[in-house]
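Student: Taken in sequence, the protein lines are chains A and B.
Each residue of the first sequence is one higher than the one before, counting from 1 in my numbering.
Each residue of the second sequence is one higher than the one before, counting from 1001 in my numbering.
Idealized CB from N, CA, C, for every residue including glycine.
The structure follows.
2 protein chains.
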Amino acid sequence: MSVDKRSKAITLQSVAKALGVSRTTVSNAFNRPDQLSPELRDRILAAAKTMGYHGPHPTARMLRTGQTGTIGIVFSGSLPYAFSDPVAIAFLQGVAQVCEQTQASLLIVPVLESQTAPITIQQAAVDGFIVYGMPEASLVLEQVLSRNLPVIAVDQPNLIGLSQVHISDRQAAREAAAHLLGLNHRRFAIMAMDLLSDRYKGLVSAARMARATVTTTRERLHGYEEALRAAGITWQQVQIGECPLHNPMEDAIEVALALLAQKPRPTAILAMSDLLAIAAIRAAERIGLGVPADVSVVGFDDIPLAAQIRPALTTVRQPLIDKGAIAARLLFEEPAVAVVKVLPTSLIVRNSSALAPKDAE
Amino acid sequence: MSVDKRSKAITLQSVAKALGVSRTTVSNAFNRPDQLSPELRDRILAAAKTMGYHGPHPTARMLRTGQTGTIGIVFSGSLPYAFSDPVAIAFLQGVAQVCEQTQASLLIVPVLESQTAPITIQQAAVDGFIVYGMPEASLVLEQVLSRNLPVIAVDQPNLIGLSQVHISDRQAAREAAAHLLGLNHRRFAIMAMDLLSDRYKGLVSAARMARATVTTTRERLHGYEEALRAAGITWQQVQIGECPLHNPMEDAIEVALALLAQKPRPTAILAMSDLLAIAAIRAAERIGLGVPADVSVVGFDDIPLAAQIRPALTTVRQPLIDKGAIAARLLFEEPAVAVVKVLPTSLIVRNSSALAPKDAE
DNA sequence: CTGTTAGCGCGTTCAC
DNA sequence: GTGAACGCGCTAACAG
């Protein structure tokens, strides 16, 4: 509870009364300097300050103007997780860039997955929403849409009628696979993040693959598949491990170990995120395999860490920060008709990929 | 602009009218289920939904109740930077944990340093603020305080009368230095982040050190000094390099190179952040020095990356996530009298520190 | 340049 | 269980 009691409630009104001017004039002193003489304005501002009035009440102002100066952002999954995901963070960084430029505040809205109707979204005082990476058919998304505010969807290519920002996950994945194919690799394994939202961890059956419901993951999977198949590698020979993105590194390493335990051992691992790729590298280290001498690893996203680890990670770069900046800018522009921005990706070749070992051919 | 026009403005009032009940009853249907029969409530909720009314208007509700369900957080420096600082991110993660538990939203408020009166703070619709790592005597802090809301200050031990969360930077720094002293090191260099807010980069003079105005940095510096002096090492023999925390890694490497170019070369580097420590390791690599064979490096903070790089970083751990969680919880509790929480730190010994090389003694 | 008049949409007594 | 009345604090017309 705040310290002030009713008696202390200091408002535009009371300042006006104390000064013997009208409420409007005081309001103008704060919001429309051109509407009154500089002297009067200074006098009002000074008096206000000494009275302990530091400006109009935010929510009253919002109610009146119908604007909040705030953009809302809602992540799929839990908030603490979002703040531990380098990809989400980089995205936020981009959003923050334009928030800073426009002096808009950024409201991060927690949503309880368990809850049927996320009340936090209903109650968010924002001018628009960015929804980031929601699974298809999400209650949260529904609730956001019901607010009838501008919405930008990020990484959900399947939504129609909404402005969107995403990449071509499928093509990017194809390039990653093509790179390894070009290095003569023929025995592949894949590390995937969530295919469904059930937090399953381990090797993946064909049936599960077919049901994959998180768009991004499914698209990347298809990209790998297309490239591999085109090179004459049947999809049946490729083992896939799944590890939810928010699981600890150790879980991912475990999955990678299972993949590397296959006979014959894969010489190349396609990881759907850089963190998974790093787990693969750690797993290889742990059983005495050299990267890239014995096994090549290619990641996805190009998070800052990718360049820092050793061996530096070969990966598909997507413009994470730009993605955030573009999404935010789009929200402010409010184009009359839904806009879809597909951002470019590029393969960054570093030291975690090399020619397939000779004896493997 | 939103699509709806005046005519479409759908409100508690219009729902009530359409149903032939009073506005209060509709309000109760949403907020106080015990005030009306379940049947009526269901009927109202259903009708509201079909009319496109999904709940009370957020800002109107806030104005009326005087509560926002939101906590504000303001960082020193630029927002995009905060989102690229692993330390700030970990802190946010902790804040997010309790936000998720309490279903409170998190408002991140950008402040333009250049601006004389940060209007974004005045206009933030929040129930309280967390201010993170502001320099002493900050206009921003002043503005926050003028809002007369609960405030928690983080990493600003110098503020009086406010609830606070921080660590004992000085003691932690002492431990880091003591560790290296125990490994027989005698020739030290220090990598510091911002001593003042002027973004200076390079070697530091004694005069500048004396003027240091960022509390955390100054305290760590003193901690190093105390330990070293107690071991008979005069402060004059210790060269200090400064590199602003938000500068690119390359700048920090440059400073580290300058430090390593000293004659005689230091065998130990005390870095005030893990990122600076990593820069030191990279610098050593670049000129063919082994870590820890030729030079030992100790960091500060224990960010996740510290354990990932090679050599894994010896560093001082502070409970970053807890710090955020505790700050947020404190904000909700609103203790009657200001509370100061000093969190524990501990030295984490990994592989970047070792016995001083023999030939150096 | 100044003041008067109207609400913005809602939550909460307090009678009925 | 229900409805009338009041006002949260402010800004946007408009009239002077």
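1) Check whether the segment 1115-1127 of chain B and the segment 1078-1096 of chain B touch, using three or more Cβ-Cβ pairs below 8 Å as the test.
2) Are there three or more Cβ pairs, one per stretch, closer than 8 Å when the segment 309-326 of chain A is compared with the segment 1014-1024 of chain B?
3) Applying the criterion that 16 or more other CB atoms from any shown protein chain within 10 Å of the CB defines a buried residue, is Gln1115 (chain B) buried or exposed?
4) Determine the contact status of Met1272 (chain B) and Thr1215 (chain B), defining contact as a CB-CB distance below 8 Å.
5) Establish whether the CB of Leu92 (chain A) and some CB of chain B are separated by less than 8 Å.
6) Are Thr1068 (chain B) and Ala1029 (chain B) closer than 8 Å when you measure CB to CB?
7) In the segment 1115-1126 of chain B, which residues sit with their C-beta less than 7 Å from some C-beta in chain A, listed in chain order?
8) For Gly133 (chain A), which residues in the same chain have their Cβ closer than 6 Å to its Cβ, ignoring the five residues on either side in sequence?
9) Quick check: the Cα distance between Pro1319 (chain B) and Asp1302 (chain B), rounded to an integer number of angstroms?
10) Apart from the five residues just before and just after Ala293 (chain A), which ones in its own chain have a Cβ nearer than 8 Å to its Cβ?
11) Under 8 Å between C-beta atoms, does Glu1100 (chain B) make it to chain A?
12) Name the chain A residues that come within less than 7 Å of Ile1089 (chain B), Cβ to Cβ?
13) Short check: CB of Val1026 (chain B) to CB of Val1074 (chain B), under 8 Å?
14) For Phe1083 (chain B), which option in A:Ile326, A:Ile321, A:Ala256 and A:Pro335 has the closest C-alpha, if you only look at C-alpha atoms?
15) Give me, in chain order, the residues of the same chain whose beta-carbon lies closer than 7 Å to that of Pro1033 (chain B); leave out the 5 immediate sequence neighbours on both sides.
16) Under a three-way DSSP split, which group does Gly1136 (chain B) fall into?
17) Identify whether Lys1341 (chain B) lies in helix, strand or coil by the three-state DSSP scheme.
18) Residues of chain B with CB under 8 Å from Gln103 (chain A), in chain order?
19) If you run the structure through DSSP and keep just helix, strand and coil, what is Leu1149 (chain B)?
20) Any contact between the segment 1336-1345 of chain B and the segment 1151-1165 of chain B? By contact I mean 3 or more CB pairs, one from each, below 8 Å.
21) Mind listing the chain B neighbours of Ile253 (chain A)? Cutoff is C-beta to C-beta under 8 Å, in chain order.
22) For Asp1366 (chain B), name the three-state secondary structure that DSSP assigns.
23) Let me confirm a value: Ala9 (chain A) is counted as buried when at least 16 other C-beta atoms fall within 10 Å, else exposed. Which label applies?
24) What in chain B is Cβ-close to Gly55 (chain A), meaning under 7 Å?
25) Among all the DSSP beta bridges, which residues are the ones paired with Ser393 (chain A)?
26) If you drop the 5 nearest sequence neighbours on each side, which residues of the same chain put their C-beta closer than 8 Å to that of Pro1056 (chain B)?
27) Using the three-state DSSP reduction, which class does Tyr1224 (chain B) fall into: helix, strand or coil?
28) Between Ser163 (chain A) and chain B, is the shortest Cβ-Cβ distance under 8 Å, so that the two count as touching?
29) Can you tell me where the beta strand (DSSP E) holding Gln239 (chain A) begins and where it ends?
30) For chain A, is any of its Cβ atoms less than 8 Å away from the one on Gln1097 (chain B)?
31) Is the CB-CB distance between Ala369 (chain A) and Leu196 (chain A) below 8 Å?
32) Taking only three categories from DSSP, how would you classify Asp251 (chain A)?
33) So that I know if they touch, is there some Cβ in chain B lying closer than 8 Å to that of Leu63 (chain A)?
34) Mark Lys5 (chain A) as exposed unless 16 or more other C-beta atoms lie within 10 angstroms of its C-beta, in which case mark it buried.
35) In the structure shown, what three-state DSSP assignment does Ala270 (chain A) receive?
36) Cβ atoms of Glu1136 (chain B) and Asp1364 (chain B): under 8 Å apart, would you say?
Tutor: Judging by the given coordinates:
1) At 8 Å Cβ cutoff, the stretches do not touch.
2) As far as the Cβ criterion goes, the segment 309-326 of chain A does not touch the segment 1014-1024 of chain B, which means the pair count is below three.
3) Counting Cβ neighbours within 10 Å, Gln1115 (chain B) comes out exposed, since fewer than 16 surround it.
4) No; because the gap between Cβ atoms is not below 8 Å, this pair is not in contact.
5) It does: the Cβ of Leu92 (chain A) has a partner Cβ on chain B nearer than 8 Å.
6) At a Cβ-Cβ threshold of 8 Å, Thr1068 (chain B) and Ala1029 (chain B) do not count as neighbours.
7) Identification of residues in the segment 1115-1126 of chain B having a C-beta nearer than 7 Å to some C-beta of chain A yields Thr1120, Gln1122, Gln1123, Ala1124 and Ala1125, given in sequence order.
8) By the criterion of a C-beta distance shorter than 6 Å, Gly133 (chain A) is surrounded in its chain by Ser76 and Asp155, once the five residues flanking it on both sides are discounted.
9) Straight-line Cα distance between these residues: approximately 9 Å.
10) Excluding sequence neighbours, Ala293 (chain A) sits near Ala354 and Pro357.
11) By the rule that beta-carbons nearer than 8 Å mark a contact, Glu1100 (chain B) touches chain A.
12) For the C-beta of Ile1089 (chain B), the chain A residues within less than 7 Å are, from N- to C-terminus, Phe83 and Ile89.
13) It is not a contact, given that the beta carbons lie outside the stated cut-off.
14) For the residues A:Ile326, A:Ile321, A:Ala256 and A:Pro335, the minimum Cα distance to Phe1083 (chain B) belongs to A:Ile321.
15) Around Pro1033 (chain B): Arg1041.
16) Reading the sequence as shown, one finds Glu at residue 1136 (chain B) and not Gly. Here Glu1136 (chain B) sits in coil by DSSP.
17) Strand.
18) Residues of chain B with a Cβ closer than 8 Å to the Cβ of Gln103 (chain A) are, in chain order, Pro1110, Leu1112, Ile1119 and Thr1120.
19) Note: Leu1149 (chain B) maps to coil in three-state DSSP.
20) Output reads yes: the segment 1151-1165 of chain B touches the segment 1336-1345 of chain B.
21) Residues of chain B passing the Cβ test: none, with the nearest at roughly 12 Å.
22) Any property of residue 1366 (chain B) remains undetermined from this structure, which presents chain B solely from 1001 to 1361.
23) Counting every other CB atom within 10 Å of its CB across the protein chains shown gives Ala9 (chain A) a total below 16, marking it as exposed.
24) Chain B residues near Gly55 (chain A): Gln1122.
25) There is no way to answer for residue 393 (chain A), as the model of chain A reaches only from 1 to 361.
26) Leu1012, Ser1027, Phe1030 and Asn1031.
27) The answer is helix: DSSP assigns Tyr1224 (chain B) an H, G or I state.
28) With respect to chain B, the C-beta atom of Ser163 (chain A) has no partner C-beta closer than 8 Å.
29) Run containing Gln239 (chain A): Gln239 to Glu242, per the beta strand (DSSP E) assignment.
30) Yes, Gln1097 (chain B) counts as interfacial toward chain A.
31) The first residue shown for chain A is 1 and the last is 361, placing residue 369 (chain A) beyond what the model contains.
32) In the three-state reduction of the DSSP assignment, Asp251 (chain A) falls in the helix class, which pools H, G and I.
33) Put simply, the CB of Leu63 (chain A) is near chain B, with a gap under 8 Å to one of its CB atoms.
34) Confidence in Lys5 (chain A) is poor, its pLDDT being 34 and thus under 50, which makes the residue's placement too unreliable to answer from.
35) Per the sequence shown, residue 270 (chain A) should be read as Leu rather than Ala. Looking at Leu270 (chain A) - three-state DSSP - the assignment turns out to be strand.
36) Outside the modelled stretch of chain B, which goes from 1001 to 1361, sits residue 1364 (chain B), for which no answer is possible.
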